[in-house]
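The structure appears right after this line, and notes come after that.
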Amino acid sequence: MIKLDNCIKKYSNVTALNHVSLEIKQGEFAYLIGPSGAGKTTLIKLLTCEEKVTTGSLKMGNVDLPRLQDSQIPEFRRQLGVVPQDFFLLESLTIYQNLVYVLRAIETKRKLIKEKALRALDEVGMLEYKHLFPKELSVGQRQKVAIARAIVNEPKILLADEPTGNLDNKSAIEVMKILYQLNQKGTTILMATHNSTIVNTIRYRVLEINKGQIIRDQDKGSYGRWNDHRDVFVI
Ligand SMILES: Nc1ncnc2c1ncn2[C@@H]1O[C@H](COP(=O)(O)OP(=O)(O)OP(=O)(O)O)[C@@H](O)[C@H]1O
Ligand SMILES: [Mg+2]
Numbered sequence: 001m002i003k004l005d006n007c008i009k010k011y012s013n014v015t016a017l018n019h020v021s022l023e024i025k026q027g028e029f030a031y032l033i034g035p036s037g038a039g040k041t042t043l044i045k046l047l048t049c050e051e052k053v054t055t056g057s058l059k060m061g062n063v064d065l066p067r068l069q070d071s072q073i074p075e076f077r078r079q080l081g082v083v084p085q086d087f088f089l090l091e092s093l094t095i096y097q098n099l100v101y102v103l104r105a106i107e108t109k110r111k112l113i114k115e116k117a118l119r120a121l122d123e124v125g126m127l128e129y130k131h132l133f134p135k136e137l138s139v140g141q142r143q144k145v146a147i148a149r150a151i152v153n154e155p156k157i158l159l160a161d162e163p164t165g166n167l168d169n170k171s172a173i174e175v176m177k178i179l180y181q182l183n184q185k186g187t188t189i190l191m192a193t194h195n196s197t198i199v200n201t202i203r204y205r206v207l208e209i210n211k212g213q214i215i216r217d218q219d220k221g222s223y224g225r226w227n228d229h230r231d232v233f234v235i
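In terms of full-length UniProt numbering, the sequence shown has 90 at position 90, counting the first letter as 1, and numbering is strictly consecutive.
Structure (structure tokens):
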């Protein structure tokens, strides 16, 4: 479903991704971990076509991303759910209106807009807050709305960049429950994170990136290089 082959991404004088090859199958949940500056957001931005790969092949389903014309990108993005690292909500609109805004922007049929917006809010447990404005919400609640906005069009793939960043453990776990349920329903999820507790508790595939290179690809991996029982021996 997602396939990168030998991808290099250079910004003017920085090589952010260096010969990255990986494959993520439909229905998988994968964490993307690594230190700040490792290239996690860059990898996600290549997948959303916010950035163009410098060299290498990049496919999502049957779409060859480097070959997409600029005019084809909006339609391609409609099929993706994205929670950006620096997400923002429109502050002058209620959270319900924020979702309606997205649905209108992607030309959803009018009679479906209300139903889709309410369903997405329900899925993240925010239905009862639908008439509140973003500034009336906690950070964790805003994060849930950002997820609702990403899934409002029922995407097959969700790319979430630090969706638990700045959250306390309780809110982070609530966000993870939402992602877990989406994955159970078949959504493929790639999640960039620094949250070692989450990665060590809710075990999924771990892709570790460092200085632009994938240095580990482990099923049901842990945040550290070794499984937890091994850590005990090392200490
Ligand atoms: N628009 C840009 N122009 C130039 N360099 C960039 C740009 N975006 C990212 N970089 C550089 O690319 C490298 C990878 O950055 P990236 O944002 O992908 O890291 P990250 O793993 O997401 O880090 P963090 O955990 O802090 O979010 C860094 O060296 C960064 O400075
Ligand atoms: Mg980042």
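Even glycine gets a Cβ: it sits at the ideal position worked out from N, Cα and C.
Model, not experiment: these values are computed from the prediction.
For the pair residue 168 and residue 125, the CB atoms are not nearer than the 9 Å cut-off.
Straight-line measurement puts the Cα of residue 22 at about 23 Å from the Cα of residue 185. Your pair residue 18 and residue 8 checks out as a contact, with CB atoms roughly 6 Å apart and the cut at 8 Å. Residue 192 has its Cβ nearer than 8 Å to a heavy atom of ligand 2. Per the coordinates, the alpha-carbon of residue 78 lies some 7 Å from the alpha-carbon of residue 106. In chain order, the residues that have a beta carbon nearer than 5 Å to some heavy atom of ligand 1 are 11, 14, 16, 36, 37, 38, 39, 40, 41, 42. The closest CA to that of residue 156, considering only 170, 145, 179, 199, is found on 179. Burial state of residue 88 is exposed, judged by a 10 Å Cβ sphere holding fewer than 16 other Cβ atoms. For residue 147, the enclosing alpha helix (DSSP H) begins and ends at 139-151.
Ligand 2 has a heavy atom closer than 8 Å to the beta-carbon of residue 85.
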